[in-house]
Each structure stands twice: as C-alpha cells, then as structure tokens.
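Reading through the structure tokens given below for one structure.
2 protein chains.
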Amino acid sequence: MGRWEPDSRGRLETAALALFGERGFENTTVVEIAARAGLTERTFFRYFADKREVLFGGAGALRELLVGTVDGAPENADPLDVVVAAFEAAAAMLQERREFALRRQAVIAANTELREREVIKLALLAAAVADALRRRGVSETAASLIADTGIAIFSAAFAAWINETEHREFPLLIRESFDELRAVTAGATRP
Amino acid sequence: MGRWEPDSRGRLETAALALFGERGFENTTVVEIAARAGLTERTFFRYFADKREVLFGGAGALRELLVGTVDGAPENADPLDVVVAAFEAAAAMLQERREFALRRQAVIAANTELREREVIKLALLAAAVADALRRRGVSETAASLIADTGIAIFSAAFAAWINETEHREFPLLIRESFDELRAVTAGATRP
Chain A
1 MGRWEPDSRG RLETAALALF GERGFENTTV VEIAARAGLT ERTFFRYFAD
51 KREVLFGGAG ALRELLVGTV DGAPENADPL DVVVAAFEAA AAMLQERREF
101 ALRRQAVIAA NTELREREVI KLALLAAAVA DALRRRGVSE TAASLIADTG
151 IAIFSAAFAA WINETEHREF PLLIRESFDE LRAVTAGATR P
Chain B
192 MGRWEPDSRG RLETAALALF GERGFENTTV VEIAARAGLT ERTFFRYFAD
242 KREVLFGGAG ALRELLVGTV DGAPENADPL DVVVAAFEAA AAMLQERREF
292 ALRRQAVIAA NTELREREVI KLALLAAAVA DALRRRGVSE TAASLIADTG
342 IAIFSAAFAA WINETEHREF PLLIRESFDE LRAVTAGATR P
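If you read the protein sequences in the order shown, they are chains A and B. Just so you know, my numbering puts 61 at position 61 of the first sequence, and the rest follows in order with no gaps. Just so you know, my numbering puts 265 at position 74 of the second sequence, and the rest follows in order with no gaps.
Listed below in structure tokens is the structure:
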C-alpha cells in the first residue's frame, strides 16, 4: 500500500462494482476488474481473495463493530437496547458508504448465489451478536431471540434505506424500525 | 405408491437419516439409502430428487401451512398474532415428527453446507410469510419486520425444543418465545 498506488482498494472496488453492474457478477473476471482499475491482477489479490470478497470483505469489520459495541455497553443496559445500539453503529458505518452499498445491493439482488451468501452473512452476524450477549449473562434462548430480532430490525431498515428518497439516514431508519417493532409487539393481543 | 411398497417414503427417510448419522451426509450415497430401506434406487428417485431433499423436501409443506394460516386468518387480526399462530401451526406439524426432526437437526448441525441451506430455507419461509402479510394490506417494511420476527421466535423455540428434557411441546415453546420477545421489547428503555 505504498504511495505509488493511492487507494488501490477503493479503485478495485469501484471497478468491480461497475463491471458487475454492466455485465453481471458471473461474467466479470478478476483480470477485467484489475484492468478497469488500471492495476495488476496481482494487486487485486493483495486486497481480495476472489471477486466475491469485493462484496463480502466488509463482513469482518461489521462483525467487529457489532460485537465490540455489545461488549462495550454498560453492564446493566437492556440487552435489546444494546443490540439496537450496535446495529445503529453498523448503520452509521454503512451510511458513510451509501453509494457503494446501493451498487453492491443491486449486484446481489441480481444473483441467487450472492443473495444466499448475504442471507448467510446476516445469520453469522446474528450468531456473533448472540454469543456476545451470552458473555453478558443473557440466557441461551433469549440471546438468539434478541440477536435475531436485531437482524430483523436491521434488515427492515436496510430495505427502507435502499429505497429511501428523502435522504433519511440509515441509523434513523434503524430507530424507526425498532419503534415499529415495539408498536407491533405491544399491539399483539395474544394473552 | 402401490400397495406393494408400504410407506416407501418413510422407509427411505428412516434409512437416509440413519446412514447420515452413522457415516455423515457427504459419505452416504442414494444407492446405499435405497439398499438400507430394501428398495431400489429408482424408487428413491420417485420420492426425492437427491439425498438432500430427504432433509429439505418438507419445506414446501411448511411454507403452505404458514402461508395458508396467514391467508386464512380473520381480516382484522393483529399481523404479529397471525404470524405467531402460523408458526404455532408449523410447530404442531413438526411436533408430530419429533424423532425425525431431532435426527435431521443432528445431521444438519454436522455439515456447513446443510446449515447454510437451512438458513436459506428459513429466509425463504420468511419471505413467503411477508408476501402473505402484504396481501393482507400490511406495509412493505412492516411485513418483512413481522415475518422476520416470526422466524426469530420460531428459531429460538426450535432450539429450546431440540434441547427439551421436560417433554414440553413445540407449540407451547413458540408461545413462550413470543412472550419472551414481548417482555424484551417492553423492557427496552430507548425512547
């Protein structure tokens, strides 16, 4: 990552997403991505294991942020509040890269295998959050339930954010989605 | 499905799960499953497209039951109540096949690809339930949020059911999981 390759990663990402959008994920090669970015194939592999990692390489940072937020929350904080705060932090991170997120989402939506990979990514994030909750003393079942609920809130807010036309920011939409869930569960009449 | 093959499907399922448990899913062939069941390979393929379908062939019936319950609920019923009722119905169906469900779960837990397939199955069920809610007039975002919340309740209850030592039945555990979610969301203090 010397000076002679300013933001190689960013250029590779931009080139990859442009090509995925133009000709489809499956019809794009690493050679083409590198060429479009004005870099070598070798440089590509310094940043990404394969072309799919351009789309999914961010999962590690997302997991660290989620787990770090849960781990760092005050001891007596309500577990669902903690999880929502973690997803708000994740949403703020994604808000910084809205253009990337939108293009990435369009590529994923167009490809069954990538959609499945995204579903699995979210399930792994939920499992990591549930583990973090258990470390805080939350029971086995409640930890999964709360983490999965966090993912449900996040997914609904993400769908709203992707289609957002009024420039409302992702963390705000997380809050709205959470409020909606609270209203929905309070409204349910089952004894 | 003539008289000369009494419960061929059931025999194939039993044989397959026994073999998957003994030697692993990946090390079991269709020929072996058919032989263990005392049937031909050709009979196997009359019931299942491949060995994976022994584990996932029930998804269609589950989806029909979930969607049918949502579609058939009273017009003014609370959407989350409707979804929970649908998962209670699904849980009652699975309760009838508890032995099969336990063995199946053990096989899936031991194989990454199968675990991923199970995650995707649940996501597809959630999408089908969300579509059914939209047909009832529930908004785009709320439908996904409520359906995903239903899956969260179902998954937590399933994990509890699989580990259940007091013979509590799956539908009851759905109810308990729902009550827990209500308590969790009511307890969250975020404004």
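Note that beta-carbon positions come from the ideal geometry of N, C-alpha and C, so glycine has one too. Computed from a predicted structure; not experimentally measured.
- Spanning the alpha carbons of G21/A and E266/B requires a straight line of approximately 42 Å.
- A distance below 7 Å between beta-carbons, with the five flanking residues on each side excluded, links A297/B to the following residues of its chain, in chain order: G212.
- With a cutoff of 8 Å on beta-carbon distance, A282/B and F361/B are scored as near each other.
- D78/A belongs to the set of residues whose beta carbon lies under 8 Å from a beta carbon in chain B.
- Straight-line measurement puts the Cα of R42/A at about 58 Å from the Cα of A264/B.
- For D339/B, the residues of chain A that pass the 9 Å Cβ criterion are D148, T149, I151, A152, I153, S155, A156, in the order they occur in the chain.
- Sequence-ordered contacts of the region 87 to 121 of chain A with chain B read E116, V119, I120 [C-beta pairs closer than 7 Å].
- Flagged as an interface residue toward chain A: T376/B, by a C-beta distance shorter than 8 Å.
- When the five nearest sequence neighbours on each side are left out, the beta carbons in the same chain lying within less than 7 Å of the beta carbon of G57/A are those of F48, in order along the chain.
- The three-state reading of DSSP puts L145/A in helix, counting H, G and I together.
- Judged by DSSP in its simplified three-state form, A317/B adopts helix.
- The residue from G38/A, F25/A, V30/A with its alpha-carbon nearest to that of P6/A is G38/A.
- As the crow flies, the alpha-carbon of A34/A is around 21 Å from that of A101/A.
- Residue state for K242/B is assigned as coil, using DSSP reduced to three classes.
- At a cut-off of 8 Å between beta-carbon atoms, T141/A makes contact with chain B.
- The alpha-carbon separation between R289/B and T165/A amounts to approximately 48 Å.
- Between the region 270 to 277 of chain B and the region 249 to 260 of chain B, the count of Cβ pairs shorter than 8 Å is three or higher; the stretches touch.
- For E22/A, the enclosing alpha helix (DSSP H) stretches over residues 8 to 23.
- The C-alpha of E176/A lies about 24 Å from the C-alpha of R104/A.
- Non-local beta-carbon contacts of L114/A in its own chain, meaning distances under 8 Å to residues more than five positions away in sequence, involve F25, R52, L55, V107, I108 in chain order.
- Scanning its chain for C-beta atoms nearer than 6 Å, with the 5 sequence neighbours on each side dropped, one finds around S335/B the residues A321, in chain order.
- For L39/A, the secondary structure class from DSSP, reduced to helix, strand or coil, is coil.
- For R168/A, no alpha helix (DSSP H) encloses it, and the DSSP letter there is neither H nor E.
- Taking a cut-off of 8 Å for Cβ pairs, the region 342 to 350 of chain B and the region 116 to 123 of chain A do not touch, as fewer than three such pairs fall below it.
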